[in-house]
Structures are given as structure tokens and as C-alpha cells.
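Student: Protein chains in written order, with our numbering: chain A, -10 to 134; chain B, -10 to 134.
In this text, a Cβ means the ideal position worked out from N, Cα and C, and glycines have one as well.
Computed from a predicted structure; not experimentally measured.
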DNA sequence: CCTAATATGCCAAAATATGACAAAATCTGC
DNA sequence: GCAGATTTTGTCATATTTTGGCATATTAGG
């Protein structure tokens, strides 16, 4: 499982190394160092390819020209990109993503079970108090645990 | 699968190069660099010829005189045109398309699984927030995933 | 404090995007 | 149908970006 936080620096051309702990999980549990990163709200979301493909398989069966399908797929897939970790465990984050999420010098990797997020460090810092408030609020709605 | 966004510039006479990632997919998965482009909402829609033919096969089975069929097919097929990528991986976008979609300096390629869209960059930028709103809304209607 | 693992800076090589221009094709008016 | 104008196409050159590999700095673990 992906867990915890790691701060890494990102080079001018968008290259960043994935935390060793995450790399190890990809190797052992998923037997593949290919991941899909996708842009959501204020961060990138990274999935091992296997997990992501399950999702895509379902999407491909949706009626292709229905408005809801187009809106959904355009956003989700249009903001996704496949990354192969290189021999040093690094990936490249495209200029579009970096611009949209305002990635500057450092990024924060946040492990969340079967996926992990990548934040610009400043945005992550800003979201910290808000994150705690949201966590507090969420507790009333999590009935299953 | 086509995924992600790429910004390219388009020459005065409508020539533009297809993102390398897309070209590679055409070469490997589809073994053909022929694509069909047609008009869509505010963008062009591009299919590898194989995928387009699947679409046509389905269209042929639609009830031919139903108003919706005629409207759908007239627009989609009537606006379709075949493009062969040249040795540098470029295609030409006809003056009609460029005029209709107001293609200026830069265009954005948006990968969506078996097809990709081509937007004028300004229009894409304008549609960004709207796109996210639509995505949020669509999530309620996508029950299958 | 030492060692091993990890992260990252650096540079050269490869790939990619795109501008330029001439040749070929197409269109236009006569 | 023909001559000239315009557009499209093919090829090359080049700027830019991406990639691969190595070297060094940094961190974590014992």
C-alpha cells in the first residue's frame, strides 16, 4: 500500500524521482513500473497501470457520443498520461500539467492506499489547514469504518 | 490508448504535427498512419482508420430514415476527411475546418482512448473551467464505473 | 560514524517540433 | 486548353525538448 509523504525536487524540464518506497511497491505488488498520472483538482493522481486499465475498460463501453460520456472522458482521459519510470526511477511531468498545477521547485508525494498524489509543495502547505478541516467534517460521513 | 494533452503550433497553411506519442500508437497498435478527422462540438475529432471503420459499421445498422440517424450521419460523415501523416508526422487541416473552428496559432491535441480531439488553444483554454464543471456533473450519470 | 541506498545535478545523445524553401500539383481567368 | 497565380507537398535544416547514463551529493539505517 502507498503511504506517507515524500518531498522531492523537480527539475526545470519536469523530471522528478518517485520515492523508493513507492517504486518498491510497484515492483513487488504490481510487477510493473508503468503508472498513469491524471490531473484532478489541485494535484496529480497516480495509479499503477493495472488499476487504471480496469477503469478504462469500463469507459470504452460507454455510448461514445452521449454528452455525459464525452464530458467525463474528455476530462479524465484528456488529463491522463502514461509514464514509464526510467532506470533511475524518474518520470517526466509534461509542461501542461506543470503549468496547470503550478509545479515549481518541490513536489510532495502523498501515498493513499492503491494510488498516490503529487502536489506542488506550496499548494500542499496551503491546503494543510483546510485539509484538516475537511478531515474533521468527513468523519461524520464515514459510516462504514 | 490516446491520452493526455499536447500543444502544437499550426502553420499558416494549416499544417501541424501529430504528437509523437499518438504517432507511436498509430504505428504500433493500429499499424497505419491514416486517420479520419471530422467536426465535433468545438473541435475536430480524429480516429485511426480502423476505429473509424468500426464506427461506420455501427452507423450502417442504424435505421436509415430515422431523423436522428440522418442528422447524426450527415454531420459526422459529411464532415469527415481522410488524412495520411507525412514522413515528418504532419497532417494538413483544411481551410474549412480551420475557419469553422477558428484555428489560429496553436492547437491542443486531447487523447480520448480510441480517438483524439483537436482544439484551438484559446477555445480549449476558455472551455477549461466549463469542462471541469461538466465533468463534475457527468459523474452522477456515469453509473457503470 | 560508517556504509549503503537514494536523490538529483549534469552533460551528451537522441528524438521531436517546426520553419524555410523549392518542386509539384491544383486552381483560375482568359 | 493554356499561362500564370496560388496552394499543397516533400525535403532539409535547425532549434528545442526529451532521454539515457554517469557522477556526486544527500539521506537513512545500522
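Residue 95 (chain B) by DSSP, collapsed to three states: which one?
Tutor: If DSSP states are grouped into helix, strand and coil, residue 95 (chain B) belongs with the strands.
Student: Cα separation between residue 1 (chain B) and residue 51 (chain A)?
Tutor: Using only the alpha carbons, I get a separation of about 38 angstroms.
Student: For residue 130 (chain B), does the three-state DSSP call read helix, strand or coil?
Tutor: Three-state result, residue 130 (chain B): coil.
Student: Can you find a C-beta in chain A that's less than 8 angstroms from the C-beta of residue 101 (chain B)?
Tutor: So yes, residue 101 (chain B) belongs to the interface.
Student: Is there a C-beta anywhere in chain A that falls below 8 angstroms from the one on residue -6 (chain B)?
Tutor: Yes, because at least one Cβ of chain A sits closer than 8 angstroms to the Cβ of residue -6 (chain B).
Student: The region 59 to 75 of chain A: which residues have C-beta closer than 9 angstroms to a C-beta of chain B, in chain order?
Tutor: So the list reads 59, 60, 61, 62, 63, 64, 65, 66, 67, 68, 69, 70 and 71, given in the order they occur along the chain.
Student: Could you compute how far the alpha carbon of residue 31 (chain B) sits from the alpha carbon of residue -1 (chain B)?
Tutor: Computed Cα separation, rounded: 17 angstroms.
Student: With respect to the beta strand (DSSP E) encompassing residue 81 (chain A), which residues constitute its N-terminal and C-terminal limits?
Tutor: Per DSSP, residue 81 (chain A) belongs to the beta strand (DSSP E) from 79 to 81.
Student: Note down, in chain order, all residues in the region 80 to 109 of chain A with a beta-carbon under 9 angstroms from any beta-carbon belonging to chain B.
Tutor: Hits within the stretch, in order: 83, 84, 85, 86 and 89.
Student: Spell out whether any CB of chain B is found under 8 angstroms from the CB atom of residue 40 (chain A).
Tutor: It does not: the Cβ of residue 40 (chain A) has no partner Cβ on chain B nearer than 8 angstroms.
Student: Where does residue 179 (chain A) sit, in a helix, a strand or coil, going by DSSP?
Tutor: Beyond the ends of chain A as shown, which are -10 and 134, falls residue 179 (chain A); an answer cannot be given.
Student: Between residue 79 (chain A) and the rest of its own chain, which residues show a CB-CB distance below 8 angstroms, the 5 nearest in sequence each way excluded?
Tutor: Cβ neighbours of residue 79 (chain A) beyond the five flanking positions: 4, 5, 6 and 7.
Student: Taking just the CA atoms, how far does residue 35 (chain A) sit from residue -9 (chain A)?
Tutor: Going from the Cα of residue -9 (chain A) to the Cα of residue 35 (chain A) covers about 11 angstroms.
Student: Counting only C-beta atoms, is residue 51 (chain A) closer than 8 angstroms to chain B at any point?
Tutor: So, interface residue.
Student: Hey, how far is the Cα of residue 67 (chain B) from the Cα of residue 86 (chain B)?
Tutor: Their backbone Cα atoms lie some 12 angstroms apart in a straight line.
Student: Which of the three DSSP states is assigned to residue 69 (chain A) in this structure?
Tutor: If DSSP states are grouped into helix, strand and coil, residue 69 (chain A) belongs with the strands.
Student: In chain order, which continuous runs of the beta strand (DSSP E) of length 3 or greater are located wholly inside the region 1 to 54 of chain B?
Tutor: Runs of the beta strand (DSSP E) inside the region 1 to 54 of chain B: 4 to 6, 23 to 28 and 33 to 37.
Student: Tell me residue 61 (chain A)'s beta-bridge partners as DSSP assigns them.
Tutor: According to DSSP, residue 61 (chain A) bridges with nothing at all.
Student: Which residues of chain B have a Cβ atom closer than 8 angstroms to the Cβ of residue 119 (chain A), listed in chain order?
Tutor: Neighbours of residue 119 (chain A) on chain B: none; closest Cβ ~19 angstroms, over 8 angstroms.
Student: Which word fits residue -7 (chain B), buried or exposed, when buried means at least 16 other C-beta atoms lie within 10 angstroms of its C-beta?
Tutor: When all chains shown are included, residue -7 (chain B) counts as buried.
Student: How many Å lie between residue -5 (chain A) and residue 93 (chain A) at the Cα?
Tutor: Using only the alpha carbons, I get a separation of about 16 angstroms.
Student: Taking the straight line between their C-alpha atoms, what separation do you get for residue 117 (chain A) and residue -3 (chain B)?
Tutor: Going from the Cα of residue 117 (chain A) to the Cα of residue -3 (chain B) covers about 37 angstroms.
Student: Can you list, in chain order, the residues of its chain whose CB lies under 7 angstroms from that of residue 96 (chain B), leaving out five sequence neighbours each side?
Tutor: These residues qualify, in order along the chain: -3, -1, 5, 107, 108, 109 and 110.
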